[in-house]
Amino acid sequence: MRRSRIAGFLASLLLATGTALAGTATAQASPTAVSGDYVALGDSYSSGVGAGSYISSSGDCKRSTKAFPQLWAAAHAPSAFHFTACSGARTGDVLAGQLGPLGSATGLVSLSVGGNDAGFADVMTTCVLQSDSSCLSRINTARAYVDSTLPGQLDKVYTAIRDRAPNARVIVLGYPRFYQLGTSCLGLSETKRKAINDASDHLNTAIAKRVADHGFTFGDVRATFTGHEICSGSAWLHSVNWLNIGESYHPTAAGQSGGYLPAFDRAA
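Numbering-wise, the sequence shown is residues -22 to -1, 1 to 246 according to mature numbering (1 follows the signal peptide of the UniProt record, and there is no 0).
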């Protein structure tokens, strides 16, 4: 999520919530070469915000050398690797600025998008700073958007990808559940945590439906993140990162290598 979109609410979070530990588990992809170019599209969960080791030339897009696309490309040696995912990207941003490398030589495409469209930042702001009832109301608004508007936005992106890369295998990655429930944890109430997790599930279900209808593959990361949510004691997701506030609520380096990479590797 782009720093300009979330910096304000993250500053407020410093007064409202605590930190979570970052896990250290990693996963290795098999070193098998693939045919064709690999193009990595999407938002901050694909660019690697939260994983550190950012590529200086990527600027505010914050593409990380520890992001799952970089790790996968290093292990599998595609003919060419194009990394256009960008922090803060919505569906319109993918359409407007990320599809340039796609072509007939593209053999594989990865994508994560939809969370910013659904208003993730505003949901987290409301749920951290306001009451349970306000949190649930804001989540219901986001769920309504996911039901009514997001499918059409996703269709535009998926159709454009297929038009430009007719030979590619397209893998769309979902989002993890954010909180482990039933544990003692500083910050949000159990009611809010469960509602946020349920909203993530709702978003994943909507994305998976559109992915299937376009003949693409959905990469579900919820299983790989199980046991590594915020409040787990071995989190692969940042709560509030006191050293770099813009990385909050994003996967750590372990979340990229242990959560996203295995899910993508299996789908690919």
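For glycine and all other residues, C-beta sits at the position ideal for the given N, C-alpha and C.
Only a predicted model underlies this, so the values are computations on that prediction, with no experimental measurement involved.
- Three or more Cβ pairs drawn from the stretch 86 to 105 and the stretch 168 to 188 lie within less than 8 Å of each other, which places the two stretches in contact.
- Contact between the stretch 40 to 52 and the stretch 223 to 242 is established, with three or more Cβ pairs separated by less than 8 Å.
- Secondary structure remark: continuous beta strand (DSSP E) runs of at least 3 residues inside the stretch 19 to 88, in chain order: 59 to 61.
- Non-local beta-carbon contacts of Ser109 in its own chain, meaning distances under 6 Å to residues more than five positions away in sequence, are absent.
- Gly130: member of the alpha helix (DSSP H) spanning Leu128 to Arg142, first to last residue.
- Annotation for Thr169: the continuous alpha helix (DSSP H) segment containing it runs Glu168 to Asp191.
- Annotated as distal: Gly28 and His180, with beta-carbon spacing of 8 Å or more.
- Exclusion of the five residues before and after Gly81 leaves Arg142 and Ala143 as the residues of its chain whose Cβ lies within less than 7 Å of its Cβ.
- Using a Cβ distance threshold of 8 Å, Leu86 and Gly14 count as a contacting pair.
- Collapsing the DSSP output to three states places Phe203 in a helix.
- CA-CA distance, Ser31 to Phe59, rounds to 18 Å.
- The beta carbon of Cys163 sits closer than 7 Å to those of Cys209, all from its chain and outside the five residues before and after it, given in chain order.
- By the 16-neighbour rule on beta-carbons within 10 angstroms, Gly78 is exposed.
- For Asp95, the closest C-alpha among the options Gly70, Gly165, Ser235 and Trp214 is that of Gly70.
- Residue burial is scored here from C-beta neighbours: Asp243 has at least 16 other C-beta atoms within 10 angstroms and is therefore classed as buried.
- Between the C-alpha atoms of Val17 and Gln234 there is a straight-line separation of about 17 Å.
- Within the model, the alpha-carbon separation for Ala246 versus Ile149 is close to 7 Å.
- Non-local beta-carbon contacts of Cys64 in its own chain, meaning distances under 6 Å to residues more than five positions away in sequence, involve Ser25 and Cys39 in chain order.
- Going by beta carbons, Ser178 and Arg155 fall inside the 8 Å limit.
- Setting aside the 5 residues that flank it on each side, His192 is surrounded in the same chain by Asp133, Tyr136, Thr137, Arg140 and Val148, each with a C-beta closer than 8 Å to its C-beta; the list follows chain order.
- Of all alpha-carbon atoms in Gly130, Ala99 and Gln131, the one lying nearest the alpha-carbon of Ile117 is that of Ala99.
- Taking C-beta atoms as the reference points, Leu151 and Gly197 count as a pair closer than 8 Å.
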